[in-house]
Amino acid sequence: MSDDITFSIIKPDAFSRGDAARILFRIAEAGFTIAALKMIHMTRAQAEGFYAVHRERPFFEGLVEFMSTGPVMVMVLRHPDAVERFRSLIGTTDPAKAAPGTIRAEYGTTVQRNAVHGSDSAENAFKEASYFFSAIEIF
Ligand code: UDP
Ligand code: MG
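Residue numbers (the working numbering): 90 to 228.
#1: According to DSSP, simplified to helix, strand and coil, what is R202?
#2: Bridge partners for G197 per DSSP, in chain order?
#3: Quick check on DSSP: helix, strand or coil for R167?
#4: Please list the segments of the alpha helix (DSSP H) lying wholly inside the segment 126–163, counting only runs of 4 or more residues, in order along the chain.
#5: For the pair the segment 128–148 and the segment 111–119, tell me if three or more CB-CB distances fall below 8 Å.
#6: Quick one: does the C-beta of L152 sit closer than 7 Å to a heavy atom of the ligand UDP?
#7: Over the uninterrupted alpha helix (DSSP H) stretch that includes I112, give me the two end residues.
#8: On a Cα-Cα basis, can you pick out the residue from R174, R146 and D102 that is closest to F121?
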């Protein structure tokens with residue numbers, strides 16, 4: 090894996106509304122290629138492990154509860170400068186403040202239910218991808 094990957098999740102809010110395919114289309118249209126993709130329903134413990142870095146934050150409990158409410162789509166995406174390019178495609182954490190046309194502005198509803206996850210650094214992209222996929226599952 091190079092620095093040109095990022096890791097993303099189509100979160101339970103977007104998935105349950107049937108927006109997963111539309112969001113995938115937006116991602117493909119922006120030039121990202123899919124290096125790995127699957128649907129999973131995280132247990133609470135799996136969501137806690139994924140967001141372990143946030144465990145001291147006041148929103149942690151609500152976040153892991155939400156992330157384990159239903160199926161999600163986890164994926165590894167490839168693009169030059171993948172982390173930064175993907176963060177600009179999705180917009181800021183709060184959909185109400187996200188730039189018009191970003192995925193969170195379009196599909197997110199609250200700070201918590203913001204439709205998609207995107208890694209914040211190349212190092213975390215690698216860690217997060219490895220949390221859900223083995224090396225031979227990433228193309
Ligand atoms: N989150 C939340 N309340 C907050 C801040 C964040 O529920 O006050 C959730 C939200 O779903 C966000 C995730 O926690 O996407 C991780 O937070 P982070 O600050 O890493 O934002 P992101 O990197 O996803 O933009
Ligand atoms: Mg983050």
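Even glycine gets a Cβ: it sits at the ideal position worked out from N, Cα and C.
Reading off the structure:
#1: As a working note, residue 202 is residue 113 in the sequence shown. In the structure shown, R202 sits in coil (DSSP, three-state: anything other than H, G, I, E or B).
#2: By 1-based counting over the sequence shown, the position of residue 197 is 108. Answer by DSSP bridge pairing: none, since G197 is not bridged.
#3: Within the sequence shown, numbered from 1, the residue matching residue 167 stands at position 78. Of the three classes helix, strand and coil, the one that applies to R167 here is strand, per DSSP.
#4: 133–139 and 149–156
#5: no
#6: Working through the sequence shown from its first residue, we reach residue 152 at position 63. Yes, the beta carbon of L152 sits closer than 7 Å to at least one heavy atom of the ligand UDP.
#7: As a working mapping, residue 112 is identified with position 23 in the sequence shown. Note, I112: alpha helix (DSSP H), A109 to E118.
#8: The residue you call residue 121 lines up with position 32 of the sequence shown. It is R174 whose Cα lies nearest to the Cα of F121.
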